[in-house]
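K.L.:
Numbering of the sequence shown is given in the working numbering, commencing with residue 1 and proceeding in unit increments. Beta carbons: idealized from backbone N, C-alpha and C, even for Gly.
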Amino acid sequence: MTRGTGTGPFRLLMYGLILASATAQFALVPVMPVYAHRLGLSGFQQGLVLGATGLASLAVSVPAGTLSDRFGARRITLAAGLLMAAATFGQALAGSFPALLAARLAFGAGYGVVWTAGLCWLAVGAAGPRALGGSVASAGVGGVAGPAFSGTLTQHLGLAVPLLATGAGFALITAGLAALRVPPGPAAPRGQARPVSLRAAVRDRTVIGAAAAVVTAGLSTGACALLVPAQLHLAGASSGQIGLAFAAAGILFAVGSALTTAIGRRAVTLPVTCAGMLALTAALALGVLSTAPVILIVMLCAATAARSVLWTVSYPLAAEAAGRRGIGLGAAVGLLNGIWAATAVLGPLGAGLAAQHLGDRGAFGLTVAVCAAALAVTVVAGRSRIRARMPAWLAARVPARLGPRVPARLAAGGPDPDPVAGRASGTAVP
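(1) Thr154 and Val31: beta carbons closer than 8 Å?
(2) What is the C-beta distance between Thr273 and Thr367, in whole angstroms, given that I count them as a contact (C-beta under 8 Å)?
(3) Taking DSSP as the reference, what is the three-state secondary structure of Ala305?
(4) Please state whether DSSP places Thr216 in a helix, a strand or coil.
(5) Could you tell me which whole alpha helix (DSSP H) segments of length 4 or greater appear in the region 246 to 299?
(6) Between the region 104 to 122 and the region 55 to 71, can you find at least three pairs of beta-carbon atoms closer than 8 Å?
(7) For the region 250 to 264 against the region 303 to 320, do three or more pairs of beta-carbon atoms, one drawn from each stretch, fall closer than 8 Å, so that the two count as touching?
(8) What does the Cβ neighbour count give for Pro348, buried or exposed, with the cut at 16 atoms within 10 Å?
(9) Between the C-alpha atoms of Leu12 and Met84, what's the straight-line distance to the nearest angstrom?
(10) Tell me the rounded alpha-carbon separation between Ala87 and Leu180.
(11) Let me confirm a value: Arg104 is counted as buried when at least 16 other C-beta atoms fall within 10 Å, else exposed. Which label applies?
(12) Please determine, among Ala223, Ala212 and Phe246, the residue with the shortest C-alpha to C-alpha distance to Val380.
(13) Excluding the five sequence neighbours on either side, which residues of its own chain have a C-beta within less than 6 Å of the C-beta of Ala305, listed in chain order?
(14) Among residues of its own chain, excluding the 5 on either side of Met14, which ones have a beta-carbon nearer than 6 Å to its beta-carbon?
(15) In whole angstroms, what separates the C-alpha of Ile263 from that of Gly276?
(16) For Leu13, does the three-state DSSP call read helix, strand or coil?
(17) Of all the options Val29, Phe10, Gly16 and Gln25, which has the alpha carbon lying nearest to the alpha carbon of Leu244?
(18) What is the residue span of the alpha helix (DSSP H) that Asp69 lies within?
(19) Let's see if you can read the secondary structure: which residues bound the alpha helix (DSSP H) around Ala87?
(20) Leaving aside the five residues before and after Ala400 along the sequence, list all residues of the same chain whose C-beta is less than 6 Å from its C-beta, in chain order.
(21) Do the region 349 to 357 and the region 34 to 49 make contact, defined as three or more Cβ pairs closer than 8 Å?
(22) What number of angstroms, rounded off, separates the C-alpha of His502 from the C-alpha of Ala341?
(23) Exposed or buried, which one is Gly108 when buried takes at least 16 other CB atoms within 10 Å?
(24) Following the continuous alpha helix (DSSP H) through Ala237, name the residue where it begins and the one where it ends.
(25) Drop a sphere of 10 angstroms on the beta-carbon of Gly95, count the other beta-carbons inside from all chains shown, and report buried for 16 or more, exposed for fewer.
(26) Given this structure, state the Cα-to-Cα distance separating Ala20 from Phe170, to the nearest angstrom.
(27) Please name the residue, chosen from His156, Ala318 and Val207, that lies closest to Gln241 on a Cα-to-Cα basis.
(28) Work out the CA separation of Ala225 and Leu375 for me, nearest whole Å.
(29) What are the start and end residues of the alpha helix (DSSP H) that includes Val113?
(30) Would the beta-carbon of Gly81 fall within 8 Å of that of Leu164?
(31) Might you give, ordered along the chain, the residues of its own chain that have their beta carbon closer than 7 Å to the beta carbon of Val60, omitting 5 neighbours on each side?
(32) If Ser239 and Gly151 are in contact, beta carbons under 8 Å, what's the gap, nearest whole angstrom?
(33) Kindly give me the distance between the Cβ atoms of Leu100 and Leu39, rounded to whole angstroms, as I take these residues to be in contact under 8 Å.
(34) Please say whether Ala318 and Val207 have beta carbons closer to each other than 8 Å?
(35) One question on the structure: do Gly146 and Ala248 come within less than 8 Å of each other, judged by their Cβ atoms?
(36) In the DSSP assignment, find the unbroken alpha helix (DSSP H) run with Leu163 in it and report its ends.
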């Protein structure tokens, strides 16, 4: 296999695969009320279908990352592309809740692999981690295209047409990737991604902050995906109108991610992460105050913009810690993807159950409470991290509550040595 052959087309096709996966993931959101009416789904069943992608990703993300480090990511990624194509065709033909759930679980397995092994293959095959910079933007475009594409086509051509078109897209992109001659991805030494190293990374303060950001973003995504379309549908909005609302929010996601990436190393810090989590929590609080359509759309757009920052900075934070602990790239990405997958399952399920017992405003309130708790954990982790980097004589003289006010260059006795900054550019998220 010739290294570097077809790097340009390979990068475009990988971005296309990421875009298609995000499109198919978010395409379900505006048409969920249609499925609920046609199949007679309860709120819990709707939440289970929306969370199926996260449930399957939870099962495959860490193993896929570890296997890609050990054996290379090419074959695993190609298999994931074919699996997503078959699963999307299966969803188009689903006539019952079990069939729909099975199709979404299969899609979720492929989705988790693409966002783990696929990113590792992209980094190696496109000559460096900077190639990952376009993956968040691609996902943002998919987040815009998915709801608009699905909602509009469903309204005019039926539920199966957008799914059949997306499945064909997966098949064509995967065939194109298989035809290219590019490196297969990292193949690390046998002992590089040990479980004990993963446990050590989980105890790292930087990983804790990144994980809290992912928890906040994942839970809020699931809650908004379930509750906002249902409320807009009750207010008389069509599938196309719901899709346009999510498309507008997706545009803000793409713009926010691009701006965060352009800022570079200055954005990849725990204070920026805390600011994004605070903005997201405040946006979700609007849903507690009112479920009027205008308020919900404003909340959706504001929350999505805040999430774009969190997704863009959380993975570089975790990658820095992984490098410090000696974990492979695939294991690091897989670990954070596994955390995201857990929240993608619990978000819609928890929101569905809470809505049944507390109402939609109560469900938003519960989500706000969890996000606020995650923000508190991140703040505590940030303070502990700064104090841990101080010389012993200085830490003994600075109260814990003043830790965050001490400049990093003073704590280190010279220029700010923060290694997180060096990981800022070009790391992306699902």
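P.N.:
By the coordinates alone:
(1) The count along the sequence shown starts at 1 and reaches residue 154 at position 154. The count along the sequence shown starts at 1 and reaches residue 31 at position 31. In this structure, Val31 lies closer than 8 Å to Thr154 by Cβ.
(2) Walking along the sequence shown from the start, residue 273 turns up at place 273. Walking along the sequence shown from the start, residue 367 turns up at place 367. Cβ atoms of Thr273 and Thr367 stay farther apart than 8 Å, at about 18 Å.
(3) The residue labelled residue 305 in the question sits at position 305 within the sequence shown. DSSP places Ala305 in helix when its eight states are reduced to three.
(4) Here the question's residue 216 lines up with position 216 in the sequence shown. Three-state DSSP puts Thr216 in a helix.
(5) 270 to 289
(6) yes
(7) yes
(8) As a working mapping, residue 348 is identified with position 348 in the sequence shown. Under this definition Pro348 is a buried residue.
(9) Taking the sequence shown and counting its residues from 1, the one referred to as residue 12 is at position 12. Taking the sequence shown and counting its residues from 1, the one referred to as residue 84 is at position 84. Near 18 Å, if we compare the C-alpha coordinates of Met84 and Leu12.
(10) Position 87 of the sequence shown, counted from the first residue, corresponds to residue 87. Position 180 of the sequence shown, counted from the first residue, corresponds to residue 180. Their Cα atoms are separated by approximately 24 Å.
(11) Position 104 of the sequence shown, counting from 1, holds the residue named residue 104. Buried, by the Cβ-count rule.
(12) Stepping through the sequence shown from its first residue, residue 380 is reached at position 380. With distances taken between Cα atoms, Val380 lies closest to Ala212.
(13) Numbered from 1 along the sequence shown, position 305 holds the residue referred to as residue 305. These residues qualify, in order along the chain: Leu252 and Gly256.
(14) As a position in the sequence shown, residue 14 is number 14, starting the count at 1. Here the set comprises Leu122.
(15) The residue you call residue 263 lines up with position 263 of the sequence shown. The residue you call residue 276 lines up with position 276 of the sequence shown. If I take the Cα positions, the gap works out to 15 Å.
(16) The residue given as residue 13 occupies position 13 in the sequence shown. Leu13 falls in the helix class under three-state DSSP.
(17) Within the sequence shown, residue 244 is the residue found at index 244, counting from 1. If we check each option's Cα against that of Leu244, Val29 comes out closest.
(18) The sequence position of residue 69 within the sequence shown is 69, counting from 1. Counting along the chain, the alpha helix (DSSP H) containing Asp69 begins and ends at Gly43 to Phe71.
(19) One-based indexing of the sequence shown puts residue 87 at position 87. Arg74 to Leu93 is the extent of the alpha helix (DSSP H) around Ala87.
(20) Translated into positions along the sequence shown, residue 400 becomes position 400. In this prediction, Ala400 has a pLDDT of 43, which is less than 50 and means its spatial position is unreliable; what the coordinates show is noted afterwards. If we look at Ala400 and ignore the five residues flanking it on each side, it has no Cβ neighbours.
(21) yes
(22) Examination of residue 502 is not possible in this model, given that the chain is present from 1 through 430 alone.
(23) The count along the sequence shown starts at 1 and reaches residue 108 at position 108. If you draw a 10 Å sphere on the C-beta of Gly108, you find 16 or more other C-beta atoms in it, and that means buried.
(24) Against the sequence shown, residue 237 aligns to sequence position 237. Taken as a continuous stretch (DSSP letters only), Ala237 belongs to no alpha helix (DSSP H), as it is neither H nor E.
(25) The residue you call residue 95 lines up with position 95 of the sequence shown. Label assigned to Gly95: exposed.
(26) Here residue 20 refers to the residue found at position 20 of the sequence shown. Here residue 170 refers to the residue found at position 170 of the sequence shown. Cα-Cα distance, rounded: 7 Å.
(27) Your numbering for residue 241 matches position 241 in the sequence shown. Cα-wise, what sits closest to Gln241 is His156.
(28) In the sequence shown, counting from the first residue as 1, residue 375 sits at position 375. In the sequence shown, counting from the first residue as 1, residue 225 sits at position 225. When rounded, the separation of the alpha-carbon atoms in Leu375 and Ala225 is 22 Å.
(29) As a working note, residue 113 is residue 113 in the sequence shown. From DSSP, the alpha helix (DSSP H) with Val113 extends over Phe97 to Val113.
(30) Here residue 81 corresponds to residue number 81 of the sequence shown, with the count starting at 1. Here residue 164 corresponds to residue number 164 of the sequence shown, with the count starting at 1. No, these two residues do not count as a Cβ contact at 8 Å.
(31) The residue you call residue 60 lines up with position 60 of the sequence shown. Exclusion of the five residues before and after Val60 leaves Ala109, Gly112 and Val113 as the residues of its chain whose Cβ lies within less than 7 Å of its Cβ.
(32) Sequence index remark: in the sequence shown, residue 239 carries index 239 (1-based). Sequence index remark: in the sequence shown, residue 151 carries index 151 (1-based). That belief holds up - the Cβ atoms of Ser239 and Gly151 are roughly 4 Å apart, short of 8 Å.
(33) Counting from one through the sequence shown, the residue named residue 100 turns up at place 100. Counting from one through the sequence shown, the residue named residue 39 turns up at place 39. At roughly 7 Å, the Cβ-Cβ gap stays under 8 Å, so Leu100 and Leu39 are in contact.
(34) As a first step, residue 207 is located in the sequence shown; it is residue number 207 there, counting from the start. As a first step, residue 318 is located in the sequence shown; it is residue number 318 there, counting from the start. Taking 8 Å as the Cβ cut-off, Val207 and Ala318 qualify as a contacting pair.
(35) In the sequence shown, residue 146 corresponds to position 146, counting from 1. In the sequence shown, residue 248 corresponds to position 248, counting from 1. Against a cut-off of 8 Å, the Cβ pair of Ala248 and Gly146 comes out as no contact.
(36) Here residue 163 is taken as the residue at index 163 of the sequence shown, counted from 1. Counting along the chain, the alpha helix (DSSP H) containing Leu163 begins and ends at Ala160 to Ala179.
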